[in-house]
Structure formats: C-alpha cells, structure tokens
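Chemist:
Residue numbers (this note's numbering): 38 to 149.
(1) I'd like the list of long-range same chain contacts for residue 147, defined as Cβ closer than 7 Å, with 5 residues on each side in sequence excluded.
(2) Work out the CA separation of residue 93 and residue 140 for me, nearest whole Å.
(3) Can you find at least 3 beta carbon pairs, one from the region 61-69 and one from the region 120-127, that sit closer than 8 Å?
(4) Do residue 40 and residue 109 count as a contact pair if the criterion is CB distance below 8 Å?
(5) Ignoring anything shorter than 3 residues, give me the beta strand (DSSP E) runs that lie fully in the region 116-146, in order along the chain.
(6) Going by DSSP, what residue range makes up the beta strand (DSSP E) through residue 99?
(7) Within the continuous alpha helix (DSSP H) that includes residue 59, where are the two ends?
(8) If you draw a straight line from the alpha carbon of residue 107 to that of residue 100, how long is it in whole angstroms?
(9) Would residue 53 be called buried (16 or more neighbouring beta carbons within 10 Å of its own) or exposed?
(10) For the candidate residues 122, 133 and 132, whose alpha-carbon lies nearest to that of residue 47?
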C-alpha cells in the first residue's frame, strides 16, 4: 500500500490521518485500539482513534513501525515523525533538504 508522508523531524509521534485509516482499515492488518491523546501545536489534546504496528517499506528498506491514528483535519495522510525517522536511522541533510535512510546494509535517498 502506498501512502504519501509528510516528514516532520520535530513531531514526537508517528501518525496517520483518520481518512487514510478509513481507506486502509480493511486492506491491511496490524490495527489496534489506542488510549493515547496527541497534544497539538496550539496545546489542545486530540484523542487517537486507533493504532497500527507492522513493517514499513520505503524504496526497499524496511523497518518495524507503529503509529497512532487521529483526525489531522486533512493536513497530511501520514506524519513521518521522529519515531519513524529513528527506526529508519534517517539522516537529514538540511543544505540540500534530503533524507537518507538505511537498514544497516543498504541506504537510499528519500523525501527530496
């Protein structure tokens, strides 16, 4: 399943928008419940609707991942925050705005 992600290395959570969740809920497994609440930039709390755990693959590089599902108001489909960046051992080159990910054996340039 292909999902476009928004990279935010300041986001302390990996998350999927509720509309993307509704599209994928019956297509992939790994869904669970969540009791978490996400604190937005303006300080208000938004309850998670569900959670997901599984394997994410980007350009042939795979990593275990998990994220929360909540209503982003359509701002993004998948928020690729710090937890996912850490799982992929990502290095952000700010000068040319590229991100390199690795699984320890191979690496790929992504999100440029």
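No residue lacks a Cβ here, since even glycine has one placed at the ideal position from N, Cα and C.
Modeler: So, to answer that:
(1) Excluding its 5 nearest sequence neighbours in each direction, residue 147 has C-beta neighbours in its own chain below 7 Å: 95, 96, 136 and 138, listed in chain order.
(2) Taking the straight line from one Cα to the other gives about 12 Å.
(3) No, the region 61-69 does not touch the region 120-127.
(4) No, the Cβ-Cβ distance between residue 109 and residue 40 is not below 8 Å.
(5) Counting only unbroken stretches of 3 or more residues, the beta strand (DSSP E) elements lying wholly within the region 116-146 are 128-130 and 135-139, in sequence order.
(6) Where residue 99 is concerned, the enclosing beta strand (DSSP E) stretches over 98-107.
(7) Taken as a continuous stretch (DSSP letters only), the alpha helix (DSSP H) holding residue 59 covers 55-61.
(8) When only Cα atoms are considered, residue 107 and residue 100 end up about 22 Å apart.
(9) Counting of Cβ neighbours within 10 angstroms places residue 53 among the buried residues, the total reaching 16 or more.
(10) Taking only the C-alpha atoms, the option nearest residue 47 is 122.
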